[in-house]
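Read the structure below first, then the notes.
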Amino acid sequence: RLPADAIHLERFTAEPQAPGSDAALDSFDVQLASSGKTVRVDSKTSIVEALAAIGIEVDTSCGEGVCGTCMVDVVSGEPEHRDHCLSKAERASNSVICCCVSRSRSPVLVLDL
Ligand code: FES
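Each position in the sequence shown, counted from 1, maps to that position plus 121 in my numbering.
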């Protein structure tokens, strides 16, 4: 019922992270707390992609670290948070990670999966 020129549409995306702008390791291992199964995450692969390769599906929506759909509890290890949705308290506690964009500062990241 609105005239077309009265509608304004904006799409938002996360700013890309500059290479080398953080302390994340190029590659690291993600271990599943439930089974002990481990998968290597290399520099060209996201945690979500690496987990999918071994049959572990993590729900995603934006794929850009904005929505929080891919949030998983961290059991141990130090995440490199590259999302735009966690609170300061969540980042400081390192208790959760957004697996679509975030990486790891520690060689092994154990997730509650
Ligand atoms: S899928 Fe949206 S933050 Fe990861």
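For glycine and all other residues, C-beta sits at the position ideal for the given N, C-alpha and C.
Here the structure is a predicted model, which is why all the values come from computation and not from measurement.
Check	Outcome
Cβ shell of LEU123 (< 6 Å), same chain only, five flanking positions each side left out	none
Check whether CYS206 and GLY184 have beta carbons under 8 Å apart	no
Sheet register partners of PHE133 (DSSP bridge)	Bridge partners of PHE133: none, in fact.
Burial state of ARG203 (16 or more Cβ within 10 Å)	buried
Closer than 6 Å to ligand 1: residues, by C-beta to nearest heavy atom, in chain order	THR181, SER182, CYS183, GLY184, GLY186, VAL187, CYS188, GLY189, THR190, CYS191, ASP204, CYS206, CYS219 and CYS221
Close Cβ partners of ASP233 (< 6 Å) along its chain, the five nearest in sequence each way excluded	ALA154, ASP194 and VAL196
ASP180 CB to nearest heavy atom of ligand 3 below 7 Å	Here the bound small molecules are ligand 1; ligand 3 is not part of this structure.
Contacting residues, own chain, Cβ-Cβ under 7 Å from VAL179 (five flanking each side not counted)	VAL169, LEU172, CYS191, VAL193 and CYS220
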